[in-house]
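Here the structure is laid out as structure tokens; the discussion comes afterwards.
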Amino acid sequence: WGPDDWIWVTERIGTISRINPETGEKVELVQINDVYQSGESGLLGMAIHPNFADSPFVYVAYTYLQQGDMYEKLVRYLYNGGTLVNAEILLRGIPANTTHDGSRIVITPDRKLFMTTGDAQNQSAPQDRNNLNGKILRLNLNGTVPFDNPFYSSTQLSRFVWTSGHRNAQGLWWVNGRLYSSEHGPNSDDEINIIESAGNYGWPQVRGFC
1 WGPDDWIWVT ERIGTISRIN PETGEKVELV QINDVYQSGE SGLLGMAIHP
51 NFADSPFVYV AYTYLQQGDM YEKLVRYLYN GGTLVNAEIL LRGIPANTTH
101 DGSRIVITPD RKLFMTTGDA QNQSAPQDRN NLNGKILRLN LNGTVPFDNP
151 FYSSTQLSRF VWTSGHRNAQ GLWWVNGRLY SSEHGPNSDD EINIIESAGN
201 YGWPQVRGFC
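Letter 204 of the sequence shown, counting from 1, is numbered 204 in the working numbering, and no numbers are missing.
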């Protein structure tokens, strides 16, 4: 739900729209031209700034191509009352694939942004803290890194990492002071996890309940 009581929707081909739930009217906000969509990839996660009246920002995650390789990035847009403008890249260069790109985004009451990433079919990545795949990342809303992140370093990629050991978390939500994720197992053993700082959720060694 958007701040206007319309439904704000992403489409994997790169379109963000508003839909009137009473009439079905659809108003396009932006077509992101550098989205690359193949398989499960494309324009995926979206979150709206909780104080939208004063900070009308929309955050999206999507896959793109760079010199023939696929990556994922986090971008912040400004809503000007009719369209989304002033795209600002907050994080880029996360390896992506046609599957396992994660990309759910949640903004918590303390104004931190959490974003899931999939393993992008690289099963060694989730246990490597200096690889951003197979993680849940935590950023400030301007794209900087909170100093209280559990593996903070001024130079290492681990500074973005909140939790590790994820296969492909495609659900993320905040309920009653806790962060939860839902995650696909390889053929069974899907997971619902309580997300806690510095947690390791086991993939690829652990799948399902543990």
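Here a beta-carbon is modelled for each residue, glycine too, at the ideal position from N, C-alpha and C.
Unbroken beta strand (DSSP E) run spanning residue i, endpoints
| i | result |
| --- | --- |
| Gln205 | Note, Gln205: premise wrong, no beta strand (DSSP E); not H, not E. |
| Gly45 | 43-48 |
| Asp69 | 69-79 |
| Thr10 | 7-10 |
| Ser181 | 178-183 |
| Lys135 | Premise fails: Lys135 is in no beta strand (DSSP E) and is neither H nor E. |
Beta carbon of residue i nearer than 8 Å to that of residue j
| i | j | result |
| --- | --- | --- |
| His100 | Gly118 | yes |
| Lys73 | Tyr62 | yes |
| Gly171 | Asn200 | no |
For residue j and residue i, the rounded distance between their alpha carbons
| i | j | result |
| --- | --- | --- |
| Tyr64 | Ser38 | 10 Å |
| Glu22 | Ile7 | 10 Å |
| Phe52 | Met115 | 19 Å |
| Pro56 | Phe147 | 25 Å |
| Tyr152 | Val75 | 22 Å |
| Ser41 | Gly102 | 9 Å |
Candidates the options, of which the one nearest residue i by Cα
| i | options | result |
| --- | --- | --- |
| Trp203 | Arg129, Tyr79, Ile105 | Arg129 |
| Gly177 | Glu196, Arg159, Ser188 | Glu196 |
| Asn131 | Ser154, Pro109, Leu43, Gly93 | Gly93 |
| Ile32 | Glu11, Val145, Ile48 | Glu11 |
| Thr163 | Gly42, Ala169, Gly14, Leu137 | Leu137 |
| Gly89 | Ala96, Leu141, Lys112, Pro109 | Position check: residue 89 holds Ile in this sequence, whereas Gly was assumed. Ranking Ala96, Leu141, Lys112, Pro109 by Cα distance to Ile89 puts Leu141 first. |
| Gln67 | Cys210, Ala87, Asp34, Leu44 | Asp34 |
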